[in-house]
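Below is one structure, written out as structure tokens, with a few remarks after it.
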Amino acid sequence: MLRTAGRIITRRVAPATGATLAVGSAAFYASDPKTASRTYVLLTEMAPVILAYRFVEKKQQIRRYLNHENPRLEDAEWESLHNKYAKSTVDTMRRMLGSYVKLGQFLALRPDIVPQVWTDELRTLESAVPAQSTELVHETIQRAYGKNVSEVFATFDDKPVGSASIGQVHKATLKDGTRVAVKVQYGAGNEQVMRNDIKHGKELFKWLAPEQVAVLDEVEAQFATEFDYRREASHLSAVRNNLRKAGFLGSWWRRGVVDIPEPISEMCTKEVLVMKFLEGDNLVDGIRALGERAARRQGLTLDDLKRDMLINFEREGYPEPYSGPSPFVIEAYRYADRVKCSLVNVGVLLRRRVLGHDVAYAEPLLTDFNPARVMSTLCRVHGHELLKDGLFNGDPHAGNFLLLRDGRIGCIDYGQVKKLTTEERHWLCKVYLALRDDDADRLRALAKEIGMRTRYNLDYTRQKMLTFALDRDGRDVTDGLNFQQFLDKMFAADPWDEVVPVVIMPSRLCMFLRGIGLMMDHPLSLVKEFAPIAERVLREEGVDF
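Letter by letter, the sequence shown follows residues 424 to 968 in the working numbering.
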């Protein structure tokens, strides 16, 4: 397993990063000082990592050529590299911010792509990004409002509650007593830095993988919207209204299942976003607690449990979609479990107080939150955003969700929102129904309708790729291969000349949701979740299918 993980890093991450260094160094003297500095960091801190992985790969190839292959030694060599470089490389990504953090957040959700040591470090990018100095934060607020922080807010906590790729969030109180979250963008010039990162990436992919340039074009267009917080405020308001109409936010007489921060529109500027504060724990922390509890029950450490999962990924490929008890059934179990523990603990209390026995209190067997309910809620909400409203969050990584005190899920960070046309929405709805019905003829017609082309237009690869992008990554889809091996196989069988934009951000949404599901041992089939929504949308809007 370590050998495969190491070779994936060497074949895919290292060459791409090496080419990026070459492209970046060409721009070293032609770009602004900040871009030059970033290139210098990549050259001095990333190049040794690439060379180390390349050296081990070549050394092992020579051993195999001489019939001196030693699997145990190879595992030890890869593990040594992972332990040596994972933390320092992720620290560099964290320091570079921008698109490097975005990449890390995605990779953190795919333990099938990178080994455990790397995923452990990459997951720190979901919430533990270094904060800007207090002086810079105050300077940004002063520039935005023409007033000091104390003139704008009654209280302002200089310690951020969260940091992300382009900004950080502080807790504050308005003059009228309203508790708010204040999102402050990092210093001037970061937008251009991220644009330069993507520009260099596009230059790289033009010769390394031209079929992926369309993906970067779409990503670039979405990133551009993140640097104006007035747009994010508008997105928050629009999505809140959409979800309120659909009943997800609840009403005065019924509690909803999610909440989204309400922006204080008159206080939102290009660099500062003010919104009502949501109180809750980050989903990343909840998932970690869930894993620790599951590991203890098996007599393992969390690291042991992760290692076992990765071994299963290597041996068996992607797990099949979740088919266990429904959210309602699990909630009933949890309720009965809590009642049972309460009754048992009455007896325990009496024994401790009256008889002086040192007896431990009973603890509920089930977790503090219901993973099946969390995933069901996330799928229903995002499926509605995607297929009914056509306005959805394209960046739903685990760090962008909160487990609220009242049991709802807080959906935060709507900077990267994608808007679909009615035609695009209907097309996606039809694709989900065709995938549900295993209808290759319908998928062929839909691909032609949207302009999706491959070299040979094979039904087999088209259906496999659409299933992989929009549905699931089970063994029946990937033939037991990992992420990169599967893509290599598909591209070799029927190369695609371009990627249609309408698929890019929805597939990103699906990848993130599936990644969260994997983290909670709840693998997803998004066709199962989204097809009922798609059928209802088409019926309600009078579209033939």
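In this text, a Cβ means the ideal position worked out from N, Cα and C, and glycines have one as well.
Legend entry - Endpoints, alpha helix (DSSP H) assigned at Ala595: Element bounds for Ala595: not the alpha helix (DSSP H) but the beta strand (DSSP E), 590 to 596.
Inset, instruction - Please specify which runs of the alpha helix (DSSP H), each continuous and at least 4 residues long, are wholly inside the stretch 704 to 747, giving them in chain order. - result: 706 to 720, 725 to 739
Inset, instruction - Using beta-carbon positions only, say whether Asp704 and Leu826 come within less than 7 Å of one another. - result: yes
Inset, instruction - For Ala954, count neighbouring Cβ atoms within 10 angstroms of its own Cβ and tell me buried if that reaches 16, exposed if not. - result: buried
Legend entry - Continuous alpha helix (DSSP H) stretch holding Ile939: start and end: 924 to 942
Inset, instruction - Compare the beta carbon distance of Met888 and Val923 with 7 Å and say whether it is the shorter of the two. - result: no
Legend entry - Cβ pair Pro744, Leu893 closer than 7 Å: no
Legend entry - Residues of its chain near Gly965, where Cβ-Cβ distance is below 7 Å and the 5 sequence neighbours each way are ignored: none
Inset, instruction - Look at the Cβ atom of Thr542, then the Cβ atom of Ala554, and state whether they are nearer than 7 Å. - result: no
Inset, instruction - Under 6 Å Cβ to Cβ from Arg486, same chain only, skipping five residues before and after it: list those, please. - result: Glu492
Legend entry - First through last residue of the beta strand (DSSP E) which encompasses Val900: That residue, Val900, is in no beta strand (DSSP E); its alpha helix (DSSP H) goes 898 to 901.
Legend entry - Delimiting residues of the beta strand (DSSP E) encompassing Asn816: 814 to 816
Inset, instruction - Please classify Thr601: is it buried, with 16 or more other beta-carbons within 10 angstroms of its beta-carbon, or exposed? - result: exposed
Inset, instruction - Helix, strand or coil for Thr578, going by three-state DSSP, please let me know. - result: strand
Legend entry - Segment contact flag, the stretch 509 to 527 with the stretch 696 to 714, C-beta cutoff 8 Å, min 3 pairs: no
Legend entry - Same chain only: Cβ atoms within 7 Å of Leu869, ignoring 5 sequence neighbours per side: Trp850, Lys853, Val854, Ala857
Inset, instruction - Classify Trp675 as buried or exposed, calling it buried when 16 or more other Cβ atoms lie within 10 Å of its own Cβ. - result: exposed
Legend entry - Under the three-state DSSP convention, the category Pro471 falls into: helix
Inset, instruction - Report all residues from its chain with a CB closer than 8 Å to the CB of Glu786; omit the five preceding and five following residues, and keep chain order. - result: Cys764
Inset, instruction - To the nearest angstrom, report how far apart Gly806 and Leu843 are at their CA atoms. - result: 13 Å
Legend entry - Rounded straight-line distance, which links the Cα of Ile939 to that of Val797: 10 Å
Inset, instruction - Determine the contact status of Lys841 and Phe815, defining contact as a CB-CB distance below 7 Å. - result: yes
Inset, instruction - Using 10 angstroms around the beta-carbon of Arg848, count the other beta-carbons present and answer buried if the total reaches 16, otherwise exposed. - result: buried
Inset, instruction - Label Arg761 either buried or exposed according to how many other C-beta atoms from any shown protein chain fall within 10 Å of its C-beta, with 16 as the threshold for buried. - result: exposed
Legend entry - Uninterrupted alpha helix (DSSP H) stretches inside the stretch 647 to 688 (no shorter than 4 residues): 652 to 668
Inset, instruction - Tell me where the beta strand (DSSP E) around Met698 begins and ends. - result: 695 to 699
Inset, instruction - Using alpha carbons as the reference points, say which of Asp836, Ala863, Asp882, Lys811 lies closest to Thr845. - result: Lys811
Legend entry - Backbone CA spacing between Ser746 and Arg803 [nearest angstrom]: 17 Å
Legend entry - Test item: CB-CB of Val782 and Val771 under 7 Å: yes
Inset, instruction - Quick one: using the 10 Å Cβ neighbour count with 16 as the cut-off for buried, is His780 buried or exposed? - result: exposed
Legend entry - Through-space distance from Leu545 to Ala509, alpha-carbon basis: 8 Å
Inset, instruction - Could you check what DSSP says for Thr601 in three-state terms: helix, strand or coil? - result: coil
Inset, instruction - Examine the Cβ distances between the stretch 687 to 702 and the stretch 561 to 576 and report whether three or more of them are shorter than 8 Å. - result: yes
Legend entry - Arg962 to Ala661 span [Cα, whole Å]: 24 Å
Legend entry - For Met934 and Phe891, the rounded distance between their alpha carbons: 9 Å
Inset, instruction - Flag this pair as yes or no: are the beta carbons of Asp682 and Gly830 separated by less than 7 Å? - result: no
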